[in-house]
Each structure stands twice: as structure tokens, then as C-alpha cells.
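What follows is a short report on a single structure.
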């Protein structure tokens, strides 16, 4: 079933065309990834699909299947979210509620039912059961209880707590006001609420920006079994490959749909571009050949030559011209020159500890870095990765430990917050001020490599977007004499093409790299060592991120099997203990019974001796008394026979134990 159709949609802001003649459709359950360079219109397209008034298309139509709800997670204001149904949106302010209350708002009908049931229960407790209103209240309450039960009322709160924990919110966050959270935390919280609300079409704009590795992996696993439709804008290639089934690329204002996740799209696009260029070049050669023939025939100037000319011209007119493949969007391009070779021992960290007040980040952290290492530091949000980068560059002082650099180390620090940029400078002043020996042409040329041309170079740094600030910082890096790079989340704010350019530049860099990143694709391309940061320090893993992830998976499986084995052994020991205890109890029971039987036998034998003595003595001449005693003798003998058999059986069982 088709749930979304975008038909010939175009949109302009003033004289600037953003999107032109966009058409595609997706089916129920599709997972669509939307990609393209920064500024190409991805977020705008999401707003158009959602139905925002300020992004209504100038031309074309967008159709949503009747009755389908849409949920949108915005990149810029995560709690300006809503769920649209038949074009009616309801928005809930994010900062007024606590974290848990905000999550409960994903279940408005259950929350309303709880409130109404409480009102009815209070009413019924304070009025006479004889009244008609009491009976009506009982009936309404019963219906609400049935609805509440059938729609998950008794477990939705535990579901909220569970998913909050998966995305980094433990119980210490539950009663905090949403307004007290950071932007990244608010984005994660909004994502949790949208997931809980389960709209038919879930639209996510850069959902991975503020997620740590564990949260990313959980989210990928969640979407792998999610049955509803997902539309996601992301630059995280690892995430796109694991979540999406289709890819929509926006390029040169137009869009094309590929029935494959990111890696498949890359292969298809490359093959299509090569094939189209080949056809275009073949046709151009044929066209030139025909035009050469026409020109030659004109020079001959005879009648039959004019017949040939007309024939060739008609042939050209009938040709269906193949378009030349569109030029690829401009992207940054640069190379990082290594400034001489450092010593083999680049960095030695010993027993490093760091805390903010009473909050300890890590203790006794020790590791070393050799020349040409590509060391990537990973770990959950808040574990101290960025703090470690600041410690390594002297921006912060540890509470304990030693940081020693080797000989001839020339360091460059990339700060993810770009605090090394002066907001009062223009773009060109930022470069020229740090590298005053460069000529204006050299500065302009350097900036052009990072797509700063024309009036862009006169922009104040303070008005630059996140992506532009990153590009300006990397321009400074390109011009810096370095042989050791310390990079804190260098791919943040970069589109996929820019990430690939950065990867290529870093791969060619003839120096050492120490970096923090959540971009697993980026790490796989570059990392030679992984340092997973924990509160107790870290143990370095030699290899790529994928190799590390595989190692962790194998280790986790082995630990799980070990736990299961221990559990099985514990269960077996417990079973053996219970069996032994039961057998001991059974033996005691049998021994007690054997003692009881022995006593009964002794009593019966004693009574039998007395009966027989009387029977064969005093009662021998009393027929009636003799008959009574003989009957009693027979009963005692039968009783003794049964007791002897039971005693023998018990003795065998006791011997067997």
C-alpha cells in the first residue's frame, strides 16, 4: 500500500529555487533515507511532507494515505514536534513537563482514561450506591478499565522507562524538567517520545547527531523490526546501511529514488553515471562524424551531395539526444601536509584521573601512542572523551596523572565547538590573521578549496552555520605545520561528501591521529586502534572499529554462555541439593515407618502368643470362646503377614539408598 506520494513538487524562496520537479512514492513499511549535500533542501522536503504552512510547495502535490498519522522530529527545535492526522496537528510544549511526564504524553488516550477513572472512583466513594448516577458511573468506569487494559494501560509506563534507559536516560533523569536538559538530551528525549507515539509515518531529521554508540546500536536494532514507515535524513552511512531500504538523493535541486540502502545507492549511482557518460560520449562522437560528413558534402557542392546532406540532417534530427551527466555538486578538497617526522614515541599517558567536583569521569587511565597511529576514543555520552582531548592539549589540568609528548611533536587540536574561531573576525580575517605571510591570492585560493568564494569570505564568523565553521577550521588545519592531529568529533555538521573528502585527506596524512568520533564508517576507514573509555580507565584494542565491534560481540556471547553455563551448573547443583534433601527426607520417613512397623509387629506377635496360649489352654473346652479366639488368631496372622511384607520392602529400599 502506498502511504506517501510526492508528485512534481517544486519550491522556491524568493528568486532561489530550492527543489524542482520532485516526484517519488513510498509504501507502507518502507525505510527511506534522504541524502544530499548541506543546503540542498533535505529538511525543507521533510517540512513539506509534514505539512508545515511556511513550506507549502509552489507547484505539485503531496498525498498522504487517508487516516495515516505523521510524526516529525526536527533538527533545529526537537520539542517543536507533533503528530499530524488528517492535517490536524497537536503540539505539546517540551519544557514544562518532567522527563517522564513528557514521555507519558505519547499516550494521550491512556493518560485521559487514568484521569477520568480517578474522577469516577472519587465520585463512587462519596455517593450512595442507590442513586442512578452511581450505576452510570460504575458502567463508565468498567468501560474505561476495559479500554485501559486492552490498550496497554498497565505496562505503558514501564515501556517509557525501558526505552528511556536504552537512549541514555536512567531513573535520575525521570523527575527533571525537560527545560533543564541540554539540546542533545532534548533531541534524544523527543526521539523517545516519537518512538513511543508510533505514528504511521515517522520522519526524523538527523536523529543520530546526539546519540552515543550504544544508543545508535539500540536504535538500529529497533528499526530493524519496526513495521511502520520511516523517513530519515542522515549523514551517518553506517546507520543508513543498517536501517534504510531505499535512498532518495537530492542533487542539483532534483531528486532520484534508489531501491537500496546507502552502499547499494553508491554502487548504482556510480554505474549509472559511467553508463550515461559512455552513451553521451558515443553519441557525441557519432554526432561529430555526421556533422563532418555534412561539412564535407557541402564542400563538394554537387546535387547528389545536397541529397546526402538532407539525409544526414534528418538523421540528426531524429536522434534522441542523451543528456550529459549533471556536474557533481561542489565539495571541499584539501591535503594535510605533515610538518616533519615526530619521534616514534608520540604520547605517553600514565595513571590519568579526572573529575568535575564530585563527579568522577575516569581514574588511572594509561595508554601510549606511537608515530602513525590512528587512535580513536569511543564511549557513552558523558564518559569524558572531549575532556580527555582537552587534557591532552593542555586546555584542562588533570587531578592526577602524567601526560608526556615525545620529540618533535607539532600538534593541531580540532575542537568540536570550534572555539578556536574568533566570532568578531570575517572569514578572510580569520585565515589571514593567523597566517599573515600569505598573499591575498593564496588566502582566497585556500578558502575556495573549502567553498568560501565571492562575498562568502567577508561573512562574519559569528553568522556561519555549523558546517561552514567546520570547513573554516579545516582550512586553518590545511595551512598549519603539524604532525599530530587531535580531533574531537571532526565529522559533526559535515555532509556525506565532505566526510569522504576529510577521510581521504586524513588517510593520506603522514602523521599521527588521536580522535573522538561516533561515525563508525569514518572510523572503519581510518582507525588502527580503538580506545573504549570507561570510569576505570581503558584497554586499547588493536584494529578497526568493525574488528572491535566483532570482538565485543564474541566476548559478550562468550560471557553470556559462561553466565548460562554457571546458571546451568547452579541449577544442577540446586537440583542435586533438592534431590538429596528430598531423598534424605524420604529415607527418614521410611526409617520412621520401619520403626513403626517393627513396633506393630512386636505388639501383634505378643498378642498372638497370648491368644494362642488361651486358645490351647483355658478355652479348649469352651467352644464359643475358642471360636472367637481362633478368628482373632487368624486376623493377627494376616496382619503380621502384611506387616512382614511391608517391612521387607522398606528394608530393600533403605538398603538401595
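In my numbering, the protein residues as written are 4 to 660.
Beta carbons: idealized from backbone N, C-alpha and C, even for Gly.
When the distance is taken between beta carbons, is residue j closer than 9 Å to residue i?
i: residue 148; j: residue 120; result: yes
i: residue 235; j: residue 75; result: no
i: residue 530; j: residue 377; result: yes
i: residue 208; j: residue 171; result: no
i: residue 471; j: residue 431; result: no
i: residue 643; j: residue 602; result: no
i: residue 346; j: residue 397; result: no
i: residue 219; j: residue 244; result: no
i: residue 381; j: residue 493; result: no
i: residue 5; j: residue 37; result: no
i: residue 501; j: residue 523; result: no
i: residue 32; j: residue 231; result: yes
i: residue 450; j: residue 434; result: yes
i: residue 40; j: residue 498; result: yes
i: residue 227; j: residue 210; result: no
i: residue 653; j: residue 591; result: no
i: residue 271; j: residue 326; result: no
i: residue 66; j: residue 8; result: yes
i: residue 128; j: residue 151; result: no
i: residue 105; j: residue 181; result: yes
i: residue 352; j: residue 406; result: yes
i: residue 452; j: residue 566; result: no
Measuring alpha carbon to alpha carbon, tell me which residue in the options is nearest residue i.
i: residue 526; options: 503, 604 and 626; result: 503
i: residue 225; options: 592, 246 and 153; result: 246
i: residue 68; options: 288, 654 and 204; result: 204
i: residue 354; options: 333, 391 and 328; result: 391
i: residue 362; options: 348, 202, 351 and 386; result: 386
i: residue 282; options: 322, 497 and 261; result: 322
i: residue 517; options: 136, 488 and 17; result: 488
i: residue 264; options: 256, 274, 242 and 356; result: 242
i: residue 329; options: 192, 257 and 24; result: 257
i: residue 540; options: 428, 467, 404 and 475; result: 404
i: residue 512; options: 343, 276, 153 and 199; result: 343
i: residue 393; options: 357, 372, 428 and 371; result: 357
i: residue 545; options: 417, 371, 138 and 605; result: 371
i: residue 414; options: 360, 350 and 619; result: 350
i: residue 45; options: 305, 132 and 206; result: 206
i: residue 505; options: 639, 417 and 269; result: 417
i: residue 552; options: 533, 229 and 651; result: 533
Are there 16 or more other CB atoms within 10 angstroms of the CB of residue i, so buried, or fewer, so exposed?
i: residue 656; result: exposed
i: residue 486; result: buried
i: residue 109; result: buried
i: residue 575; result: exposed
i: residue 21; result: buried
i: residue 89; result: Legend: pLDDT at residue 89 = 40, less than 50; position of this residue unreliable, no value from coordinates given.
i: residue 426; result: exposed
i: residue 300; result: buried
i: residue 555; result: exposed
i: residue 402; result: exposed
i: residue 313; result: exposed
i: residue 637; result: exposed
i: residue 193; result: buried
i: residue 166; result: buried
i: residue 191; result: buried
Among the residues of its own chain, which have a CB less than 7 Å from the CB of residue i, if the five just before and after it don't count?
i: residue 296; result: 315
i: residue 123; result: 140, 143 and 144
i: residue 384; result: 171 and 215
i: residue 15; result: 21 and 61
i: residue 159; result: 110 and 113
i: residue 53; result: 73, 75, 87 and 206
Return the chain-ordered list of same chain residues with a C-beta closer than 8 Å to the C-beta of residue i, the five sequence neighbours on each side being excluded.
i: residue 659; result: none
i: residue 324; result: 286
i: residue 640; result: 611
i: residue 57; result: 50
Excluding the five sequence neighbours on either side, which residues of its own chain have a C-beta within less than 6 Å of the C-beta of residue i, listed in chain order?
i: residue 1; result: For residue 1 there is no data in the structure shown, the boundaries of the chain being 4 and 660.
i: residue 399; result: 393
i: residue 202; result: 72, 73, 74 and 86
Q) Do three or more CB pairs link the region 614–634 to the region 597–604 at distances below 8 Å? A) Two segments are said to touch when three or more pairs of C-beta atoms, one from each, lie closer than 8 Å; by this definition the region 614–634 does not touch the region 597–604.
Q) On the three-pair Cβ rule with 8 Å, is the region 474–490 touching the region 338–350? A) Yes, they touch.
Q) Any chance the region 612–627 sits against the region 575–587, with 3 or more Cβ pairs inside 8 Å? A) Short answer: they don't touch.
Q. Is there contact here, the region 409–422 with the region 357–369, by at least three beta-carbon pairs under 8 Å?
A. Counting C-beta pairs closer than 8 Å gives fewer than three between the region 409–422 and the region 357–369, which falls short of the contact rule.
Q | Contact the region 248–255 vs the region 582–589: 3+ CB pairs below 8 Å | A | A contact between stretches requires three or more CB pairs, one per stretch, nearer than 8 Å, and the region 248–255 fails this requirement with the region 582–589.
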